[in-house]
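Mind the numbering: the sequence shown is residues -21 to -1, 1 to 159 in mature numbering (1 follows the signal peptide of the UniProt record, and there is no 0), read in order. Built from N, CA and C at the ideal position, the CB exists for glycine as well. Values in this document were obtained by computation on a predicted structure and should not be read as measured data. Working notes, beginning with the structure itself.
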Amino acid sequence: MIHLFQSIFLHSIFILALVNGEQDSIYDMLKAHGLPMGLLPKGITRFDIDNTGRFEVQLDQECNAKFESELHYDRNVSGTLSYGQIGDLLGISFQELFLWFPVKGIRVDIPSSGLIYFDVGVIFKQLSLSLFETPRDCTAIGESGDLIQNGKLLAESIEKNSRAKLGYEFDLERFGRKEI
């Protein structure tokens, strides 16, 4: 119920700002929704947000930012902003070891815990919230963009194959078949 009132209040502020011809920065919008401003890098050239919280930001170029791990930002990043989280996220990838995983969502459950969670499909990656206090400089990527794309494809393939193998093993158990 509290989240409903917060959401209504934040959307009312957003509508009033639009009526007055003023629009907060995307960083202000993140902060107003209980998220750290550093989730998005410096270099945003344009952003739009509608009254449902659906947003899109445009960067001047694809880039990477170093945190505990590295994050890759496509030129266009979009998602749905609600209090304490971003859902339906597109345009951000997270590097774990040498693989790149697309980030599907970001959430902060309890700000006092000091933790932020990145949904990378296979797992939730937990990081320190303090890493994202301020927007980071983002290093432009050149030809390494192909490596990132290949890493994304590899990570998606691993995720799909893991699900397929699990389904196959389940079917073997369910139907009493043994592997030859």
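From the options, residue whose alpha carbon lies closest to that of residue i
i    : options              : result
Q40  : E49, D67, R54, S48   : R54
L69  : P81, A44, G17        : P81
S72  : F97, L9, D3, G63     : F97
S109 : I102, P90, F103, G63 : P90
N43  : F103, K21, D3        : K21
I120 : H51, N30, R25        : H51
Nearest-angstrom beta carbon gap, residue j and residue i [assumed within contact, 8 Å]
i   : j   : result
S57 : E75 : So it is not a contact: roughly 23 Å between Cβ atoms.
Between the CA atoms of residue j and residue i - distance to the nearest angstrom
i    : j    : result
R115 : G13  : 18 Å
W79  : I23  : 22 Å
G17  : T113 : 4 Å
T118 : K45  : 9 Å
D7   : F77  : 33 Å
L9   : V87  : 12 Å
D3   : A11  : 10 Å
E1   : L38  : At E1 the pLDDT is 46, less than 50, meaning the model places this residue with poor confidence and gives no usable figure here.
S92  : Y62  : 16 Å
R25  : K83  : 22 Å
N30  : D67  : 16 Å
Cβ-Cβ distance between residue i and residue j below 8 Å
i   : j    : result
E47 : L106 : yes
G32 : L60  : yes
I5  : L19  : yes
I65 : I95  : no
P15 : F111 : yes
The ligand ATP heavy atom lying under 7 Å from the CB of residue i
i   : result
D98 : Although the ligand ATP was asked about, the structure shown includes no ligands whatsoever.
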